[in-house]
Amino acid sequence: MKMMLNLFVYTLVAFILGSCQSSSEKNTQEAIDKGEEGFITDLDDNRILIKGTYYKVTNRTYIQDQHGKDLSYSDLVIGMKVKPWHRGGIKKTYPAKAEAESIRVLTDEKSFVEQKAVTAAIEHMSKAESQRFIVLEVMHLPSEHVYNIEMMNRSNLDSSFIVTVEDFTDEILYIK
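The sequence shown begins at 22 in our numbering and counts up one residue at a time.
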């Protein structure tokens, strides 16, 4: 009987000690999830907006190009194509919020050309410094030499619009 009581007490103590982790220990055990690849459309207060999610960049966030070269937050620019990873889930606000674990900047030729077209579209559509856009999709139509960029203004989430950009000159051809 005494042996059963001792076993119970030891089990109880082990359970209590095991559940008393610090928040930093818990944070390192949270799963890392891949966010949705997209284009940076806003940089504000160590946050980057990619599609409908703001990723908070902290001193623990790894920022690299696709070749493994380390970058910093100050190297990021609007229009860059990136792949984000986050830790701790996404807060379901609008825009959604997550803590960036890693940001991979895509530097291949296709991503660079898309970046130029996206940047031209955002600059053309921005009538005020405070205007924020979300790039939903970028589609290249090589036979027509254009990019169709589906965008949405954060202040009007009811509808999206297409900005057509010429693929050689980054000239805005039309908006529909």
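Ideal Cβ positions, reconstructed from N, Cα and C, are used throughout, including at glycine. Quantities reported herein were computed from a predicted structural model and do not represent experimental measurements.
Reference residue i, options the options, closest by Cα
{"i": "Arg68", "options": "Lys118, Leu92, Asp86", "result": "Lys118"}
{"i": "Glu171", "options": "Lys77, Gln87, Glu51, Phe60", "result": "Phe60"}
{"i": "Arg130", "options": "Gln87, Phe154, Lys112", "result": "Checking the sequence shown, residue 130 turns out to be Glu, not Arg. Closest option to Glu130, Cα to Cα, is Gln87."}
{"i": "Ile111", "options": "Glu122, Thr62, His166", "result": "Glu122"}
{"i": "Ser151", "options": "Ser176, Leu127, Ser164, Asn169", "result": "Ser176"}
{"i": "Thr79", "options": "Gln136, Pro116, Tyr94", "result": "Tyr94"}
{"i": "Ile155", "options": "Thr62, Lys55, Ile196", "result": "Thr62"}
{"i": "Gly56", "options": "Leu64, Ala138, Arg125", "result": "Arg125"}
{"i": "Ala149", "options": "Arg81, Lys113, Asn174, Glu158", "result": "Asn174"}
{"i": "Tyr115", "options": "Lys72, Lys104, Asp96", "result": "Lys72"}
{"i": "Trp106", "options": "Asp96, Arg81, Lys90", "result": "Arg81"}
{"i": "Ser181", "options": "Tyr83, Val139, Glu158, Asp96", "result": "Glu158"}
Status (buried if at least 16 other CB within 10 Å, exposed otherwise) for residue i
{"i": "Phe189", "result": "exposed"}
{"i": "His166", "result": "exposed"}
{"i": "Thr74", "result": "buried"}
{"i": "Met160", "result": "exposed"}
{"i": "Glu135", "result": "buried"}
{"i": "Pro4", "result": "This structure does not reach residue 4, given that the chain is present from 22 up to 197, and the question cannot be answered."}
{"i": "Ile196", "result": "exposed"}
{"i": "Tyr168", "result": "buried"}
Per DSSP, the bridge partner or partners of residue i
{"i": "Glu187", "result": "Val167"}
Examine the Cβ distances between the region 90-105 and the region 132-145 and report whether three or more of them are shorter than 8 angstroms.
Contact between the region 90-105 and the region 132-145 is present: three or more C-beta pairs spanning the two stretches fall below 8 angstroms.
Within the region 113-184, note down every full beta strand (DSSP E) run reaching 3 residues or more, in order along the chain.
Whole beta strand (DSSP E) segments, 3+ residues: 117-126, 154-162, 167-174.
To test your reading of the DSSP string, which unbroken beta strand (DSSP E) runs of 3 or more residues are found completely within the region 53-119?
Listed in chain order, the complete beta strand (DSSP E) runs (minimum 3 residues) inside the region 53-119 are 53-55, 59-65, 68-71, 74-77, 83-86, 102-112.
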